[in-house]
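Be aware that the sequence shown starts at 15, since it is given in the working numbering, and climbs by one per residue.
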Amino acid sequence: MLDLSQGLYPLCAEGLGPNTLGSWVAHKRPRSWELGWLLCDIWISLDVCLCTASILSLCAISVDRYFAVTEPLNYSRRRRSKRLAACMILIVWLMAFTITCPPIFGW
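Structure follows, in structure tokens:
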């Protein structure tokens, strides 16, 4: 049985904690950002991207579980493929990067 949460959520959780915590420590410790504006923009973009991917992955898992509960017969025949899970993961990350890109380019 393929479980979408085993492939999708750990990708976000592994990147979210260390990256967000590192920028928080660098910001709070000296009371100012001393790592340069480029690294600041990279940290903020990573924070937004990983938080967005985490939220979207939870939404995708919820939708997947909803269909598993409401349509169990159709779900077991049509929705349990590795290809579909890979497509959902790809869509989540593409949406996260799409949401992150405008602030990077100053829009």
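Every residue, glycine too, gets a C-beta built ideally from N, C-alpha and C.
All values reported here derive from a predicted model rather than from experimental measurement.
Give the single residue among A110, I118 and T114 whose Cα lies nearest to the Cα of A74. A110
Could you tell me the boundaries of the alpha helix (DSSP H) in which R79 lies? W51 to T84
Is V106 near A82, with beta carbons less than 8 angstroms apart? Judged by their CB atoms, V106 and A82 are not nearer to each other than the 8 angstroms cut-off.
Are the CB atoms of S59 and T112 within a distance shorter than 8 angstroms? no
Could you give the residue range of the alpha helix (DSSP H) that holds F111? K96 to I118
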